[in-house]
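Below you'll find the structure, written out as structure tokens, and then a few comments.
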Amino acid sequence: MKILIIEDEKDLRDTLVASLAKEKYLLETASDLDSAFEKIAIYDYDCILLDITLPDGSGLDILSKLKTLGKSDNVIILSAKNSLDDKVKGLALGADDYITKPFHVAELNARIKAVFRRKNLDGKNTVEMGNVRLNLEERSLTIDNDAVHLNRKEFDILNYFLLNKNRMISKTALAERVWGDHIDQADNFDFIYYQIKNLRKKLQQAEATVDIKSIYGVGYKLSEK
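Using our numbering, the letters of the sequence shown map in sequence onto residues 211 to 435.
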């Protein structure tokens, strides 16, 4: 899951990154309006944690922009203000949830997972195709009810494929989703090729009824055999 944290308080931002990284999320950060606008214009996120009070303006301006882009339904507002007006404005702009500082990271994590389930899985914790079943809560894969071990990137790749069944996924989109905006520093996509190769091998050995097909020069597609 790819998350953008928009928060100007460095200590809190660092705490969130350290804590949420333990959940195997792909995390990116922004500390002001300009950097946040730049990221949301280029990248897609499964969840955005949005501080309302930023040094160069209001987080509600970002939320307004997200609404015009059709991306505001995956936002959790973070605010030190226990203000009904802020909450009403944020929810009216399409935010999914609202949490007041200070908060426990465990509670925030539970809300993040709830946003993801509502947005992508109709409230479920699993995604399936053929005899392949991925449990997002446990980060586990079973094929015909037998457990198959995946490393972190293999899991994230398969998760993204299963959320986009039978759809062509470009190498660039896959790289951005699984590796984040640091992909800009890569010279080529060879690292994706090797992860896909290993994932295919594991699926074949477990006799999965799905296959990752290469679309020459473009990307990949997950479909049933």
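Virtual Cβ for every residue (Gly too), placed ideally from N, Cα, C.
Item, Value
"Stretch-stretch touch, CB-based, cutoff 8 Å, three pairs: the segment 240-257 with the segment 412-430", "no"
"Bounding residues of the beta strand (DSSP E) (the contiguous stretch that carries L429)", "Just to set this straight, residue 429 is Gly in the shown sequence, not Leu. Looking at the DSSP string, the run of the beta strand (DSSP E) that includes G429 is 429-434."
"Residues bridged to G169 [DSSP beta-bridge criterion]", "The requested residue 169 does not occur in the structure, where the chain is confined to residues 211 to 435."
"Bridge-paired residues (DSSP) for N345", "T336, S350"
"Limits of the unbroken alpha helix (DSSP H) element including D244", "243-252"
"Cβ-Cβ distance between D296 and I286 below 9 Å", "no"
"Start-to-end residues for the beta strand (DSSP E) that takes in D356", "356-358"
"DSSP state of K412 mapped onto helix, strand, coil", "helix"
"For D307: DSSP bridge partner residues", "I286"
"E417 classed as buried or exposed, judged by whether at least 16 other C-beta atoms fall within 10 angstroms", "exposed"
"Three-way DSSP call (helix, strand, coil) for E317 in this model", "helix"
"Alpha-carbon spacing of I216 relative to I272, whole angstroms", "10 Å"
"Candidates I252, D261, G267: closest to L279 by CA position", "I252"
"Residue span of the beta strand (DSSP E) that contains D421, given as start and end", "420-425"
"Rounded straight-line distance, which links the Cα of V298 to that of L360", "42 Å"
"Alpha helix (DSSP H) segment containing K234, residue limits", "Taken as a continuous stretch (DSSP letters only), K234 belongs to no alpha helix (DSSP H), as it is neither H nor E."
"Residue(s) in a DSSP beta bridge with S380", "G429"
"The segment 424-433 in contact with the segment 350-364 per 3-pair CB rule at 8 Å", "no"
"Pairwise C-alpha distance: L384 and K334", "23 Å"
"K375, DSSP secondary structure in three states", "coil"
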